[in-house]
């Protein structure tokens, strides 16, 4: 008997190990867009937690401006490099690319993503590039780093990150352009899918410019160090890719999430739908500013003619994206007015997050106006934080909204409302003090060496903000882990939504759609649903 | 409750390979536009001096001891144009289900790519410059190296298309068309590189 029991245990353990290996192998080699999307989303949420810790650490160091408290000069440079890189390429870009990969085929009525293995390659290239980049920075190889071999590795790994994100973006763009259900013209494309197309195209048009510059930098740094200033000037050439307006490109899809959710919570068809599409497209014009790799500032000096000449490129490159967000917010309000609003936590996340992105864009525009005297100050970091943390808020709402289609279960509304409020506080507290500190001339990317009266207070508040963001994202991960595995079953259409993904079971089955549907309008489910009570059809 | 929408027959393929190549081509165009932009920025910032006879201003960008081998670089350009003709011949044959002509055209295309890369190697060997010799040399190797990588990608694309053609994929016309599009874009990109790097120097 004993022998038999032992055999059972051994067999069970062996079976569990084989099962685990099988699951891991399945995830590593998967071509299922829902799994690839979740790999991106999960990895970037973990990165968001780590980055918030790093940001809080740098904030702590900035509380006392008279000297270094914890760090030294070399490590500060490298930690700032890791922080800037992570905010953009470890959080906001992969988070929305992952969401798009997971959701867009479902919205389009497609059975799969176009070139799913290209998207899978994109994930693994991004993930390995991310790890290598952080290892290189950790080994004193980031911009300005003293370890030349690691600087070479950093440049290569950053290229790998950009290549991975570009590959995934190609897959998303091709899906929207070629895999829509019959009857779904581009103008009938759901708002999030449209924003995914715009964001993916803007990514495809800007990241190759970064790759080309990295090719120059790598050859120069490895062989001659004659042309590009060696390790010291790395960020002079690629710094644009960590800043605005490049971050706006990755936030295009965040704006698309709000445009998607506003008519759903109002229970109406989106009024002036084509204008909403134009609004989202205008946000993606940030690609123009990013691809030119130059700051289109306005010194506000000289004659009126000089000012007008400066204002035109300034407006073209900096104000158009702001106009786009304003249009989306205004038309979202119009949808709310036309319908009967039933606010959900996911909508609150999206609305507040988009508001934060708008504030970030305004701070960026302000920092480029000469008399504001914000150039080279910490206000630039504030703009990045507003955009990135705002986009994270939207992403949390989007994960909550589409969670039923990916996991079959939904997150609890009450706790999510709490997290939305907490994330708003985190974003404002972490970012606003740096705007004020910018006006008081606190320099960018420095932890010591300035002097003004309320320095300790502002930097303490910002540190608390980062800590709150850490708690928000960690809390979200915890709740998601609990409720997406053992929470309440969601039902097929828990939000009374409009697009095709809500016509299939939750979670979406393999192959998504058993039957291909014909689409007769931009809101196909409203065509077959009775109108919501109190709302005209 | 699962909502039922009017069903439809499965839609015909919408030429995914062609659209994907178009999107990738946009990326390649931006890659090279960015690199050429940096090249022009360096060239514009190079020091200037008067010629020995005092009649003209010389920009000290291209070191005086470097001679650009024009025959090899022009051969590359001509090879790319010829490759375009072959790629288009393959499209023409594919539309008429003429598999033998399609395969021959793609094979010649592949041959042209080998010849173009050979010409690029000839450029390197004739110029006799080292990557560490100076700013111009470093940047020259970086930008032409990226062109070689794009050519290698083109070779892989041509090889796959050719193998599919030889293997009897007769309904592959959109892939052959995508291959031709890549060639056109590669030729356009090289035209810009040829003019800026090899002609204007």
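Protein chains in written order, with this note's numbering: chain L, 672 to 1208; chain F, 46 to 246. Where is the CB? At the ideal position from N, CA and C, for every residue including glycine. Fair warning: this is a prediction, and the values are worked out from it, not measured in the lab.
* Would residue 142(F) be called buried (16 or more neighbouring beta carbons within 10 Å of its own) or exposed? -> exposed
* Asked: So with Cβ pairs under 8 Å, would you call residue 148(F) a contact of chain L?
  -> no
* To do: List in chain order: all unbroken alpha helix (DSSP H) runs of 4+ residues lying wholly within the segment 930–1008 of chain L.
  => 944–955, 957–962, 975–985
* Between which two residues does the alpha helix (DSSP H) harbouring residue 890(L) extend? -> 862–890
* When DSSP labels each residue in this structure, what does residue 912(L) get in the three-state scheme? -> helix
* To do: From the DSSP output, read off the bridge partner residues of residue 1142(L).
  => None, per the DSSP bridge assignment.
* **Any C-beta of chain L under 8 Å from that of residue 255(F)** => It is not possible to answer for residue 255(F), since the shown part of chain F is limited to 46 through 246.
* Can you list, in chain order, the stretches of the beta strand (DSSP E) that have 3 or more residues and sit fully within the segment 814–851 of chain L? -> none
* Asked: Near residue 658(L), which residues of its chain fall below 6 Å by C-beta distance, leaving aside the five closest residues on each side in sequence?
  -> The shown model of chain L, from 672 to 1208, leaves out residue 658(L), and the question about it has no answer.
* To do: Could you check how far apart the C-beta atoms of residue 1219(L) and residue 877(L) are, in whole angstroms? I think they sit under 8 Å.
  => A question about residue 1219(L) goes unanswered here, because the residues of chain L that appear run from 672 up to 1208.
* To do: For the segment 757–799 of chain L, list the alpha helix (DSSP H) runs that are entirely contained and at least 4 residues long, ordered along the chain.
  => 764–779
* Asked: Which partner residues of residue 172(F) appear in the DSSP bridge assignment?
  -> Its beta-bridge partners do not exist; DSSP assigns none.
* **Closest by C-alpha distance to residue 1135(L), when choosing among 731(L), 711(L), 694(L), 1202(L)** => 731(L)
* Interface residues of chain L facing residue 76(F) [CB-CB closer than 8 Å] -> 879, 880, 882, 883
* Evaluate residue 927(L) with the Cβ neighbour count: other Cβ atoms within 10 Å of its Cβ, from every protein chain shown; 16 or more gives buried, anything less gives exposed. => buried
* Report the residues of the segment 167–187 of chain F with a CB closer than 7 Å to any CB of chain L, ordered along the chain. => 176, 177, 179, 180, 183, 184, 186, 187
* **Short CB-CB distance (under 8 Å) between residue 1186(L) and chain F** => yes
* Asked: What residues from the segment 847–868 of chain L come within 9 Å of chain F, judged by C-beta to C-beta, listed N to C?
  -> 848, 849, 850, 851, 852, 853, 854
* Asked: Which residues of chain F have a Cβ atom closer than 7 Å to the Cβ of residue 897(L), listed in chain order?
  -> 179, 180, 183
* **Beta-bridge partners of residue 1114(L), as assigned by DSSP** => 1048(L)
* **residue 1143(L), buried or exposed, once every other Cβ within 10 Å from all chains shown has been counted against 16** => buried
* DSSP three-state call for residue 112(F): helix, strand or coil? -> coil
* To do: Determine the contact status of residue 884(L) and residue 775(L), defining contact as a CB-CB distance below 8 Å.
  => no
* Name the DSSP beta bridge partners of residue 1188(L), please? -> 52(F)
* Asked: By Cβ distance below 6 Å, which residues in the same chain neighbour residue 1102(L) in space, the five residues on each side in sequence not counted?
  -> 1053, 1056, 1057
* Give a yes or no on contact between the segment 972–988 of chain L and the segment 1026–1035 of chain L, applying the rule of three or more CB pairs nearer than 8 Å. => no
* Asked: Should residue 895(L) and residue 177(F) be called a contact, given that it needs their Cβ atoms to be closer than 8 Å?
  -> yes
* residue 764(L) and residue 836(L) closer than 8 Å at C-beta -> yes
* Residue interval of the beta strand (DSSP E) (run including residue 93(F)) -> 93–95
* Can we count residue 166(F) as close to the ligand SAM, meaning its CB is less than 7 Å from some heavy atom? -> Ligands are entirely absent from the displayed structure, and the ligand SAM is therefore not among its contents.
* Could you check how far apart the C-beta atoms of residue 871(L) and residue 838(L) are, in whole angstroms? I think they sit under 8 Å. => No, residue 871(L) and residue 838(L) are not in contact; Cβ-Cβ is about 11 Å, not under 8 Å.
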